[in-house]
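Enquirer:
In the working numbering, the protein residues as written are 5 to 189.
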């Protein structure tokens with residue numbers, strides 16, 4: 005349940021950004037489209053959806069994590085886990101919609117405030133961390149059509165491998181998922 009919060013929050017944000025990896029589900033804008041559209045038409049993202057997803061991906065890829073990212077984020081993640089907070093339902097929502105849903109979580113706000121973090125910083129940080137980590141672990145699969153990652157974030161994760169693994173594990177990733185290729189167990 006608690007690990008699920010972090011995994012689902014990251015997954016919800018990642019769903020928004022998944023066009024480049026071919027995993028996109030296009031439900032958010034479909035709810036606004038006329039019901040008479042065929043299933044085949046619904047399976048294809050509209051140009052507007054593609055543009056929105058590309059903007060979100062670019063925003064996340066370019067977002068710069070603060071140098072104290074791990075120091076700030078790890079206690080937030082631990083507190084969320086201890087509080088057993090359930091995530092907001094944000095499947096296939098835009099980055100802004102995910103941030104708004106996160107802002108609307110009364111149980112989460114005191115934790116974020118205690119650690120001097122806004123919902124935007126939390127969502128952007130955890131999403132940027134997840135995207136950067138995923139692309140670094142699987143560059144051939146994940147980076148084909150992705151915007152270039154912020155090089156400062158890549159350096160941050162590379163220079164803090166133990167903290168990167170600890171955060172992945174705290175977010176509910178299994179040891180196998182957390183293990184970087186070529187790093188000792």
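For each residue, glycine too, the CB sits at the ideal point set by N, CA and C.
Just so you know, these numbers come straight off a predicted model, no measurement behind them.
Leaving aside the five residues before and after residue 106 along the sequence, list all residues of the same chain whose C-beta is less than 7 Å from its C-beta, in chain order.
Expert: Taken in chain order, the residues that qualify are 92, 112, 123, 126, 127.
Enquirer: Assign residue 142 to buried or exposed, taking buried as 16 or more other Cβ atoms, counted over all protein chains shown, within 10 Å of its Cβ.
Expert: Looking at its Cβ environment, which holds fewer than 16 other Cβ atoms inside 10 Å, residue 142 is exposed.
Enquirer: Using the beta-carbon count (16 or more within 10 Å), is residue 200 buried or exposed?
Expert: Outside the modelled stretch of the chain, which goes from 5 to 189, sits residue 200, for which no answer is possible.
Enquirer: Whole angstroms is fine: what's the gap from residue 109's alpha carbon to residue 89's?
Expert: Whole-angstrom Cα-Cα distance: 9 Å.
Enquirer: At 3 residues or longer, what runs of the beta strand (DSSP E) sit wholly inside the stretch 66 to 122?
Expert: None, since the stretch 66 to 122 contains no complete beta strand (DSSP E) of that length.
Enquirer: As a quick exercise: from 136, 161, 163, 165, pick the residue whose alpha carbon is nearest that of residue 150.
Expert: Ranking the options by Cα distance to residue 150, first place goes to 136.
Enquirer: Assuming residue 121 contacts residue 80 under a Cβ cut-off of 8 Å, what Cβ separation, rounded to an integer in Å, is found between them?
Expert: That belief holds up - the Cβ atoms of residue 121 and residue 80 are roughly 6 Å apart, short of 8 Å.
Enquirer: What's the C-alpha gap between residue 77 and residue 53?
Expert: Approximately 31 Å, taken between the alpha carbons.
Enquirer: When DSSP labels each residue in this structure, what does residue 131 get in the three-state scheme?
Expert: Three-state DSSP puts residue 131 in a helix.
Enquirer: To the nearest angstrom, how far is it from the Cα of residue 160 to the Cα of residue 51?
Expert: The straight-line gap from Cα to Cα measures roughly 34 Å.
Enquirer: Classify residue 168: buried if its beta carbon has 16 or more other beta carbons within 10 angstroms, exposed otherwise.
Expert: Classification of residue 168: buried, given that the 10 Å Cβ count is 16 or more.
Enquirer: So what's residue 161 in DSSP terms, helix, strand or just coil?
Expert: Note: residue 161 maps to helix in three-state DSSP.
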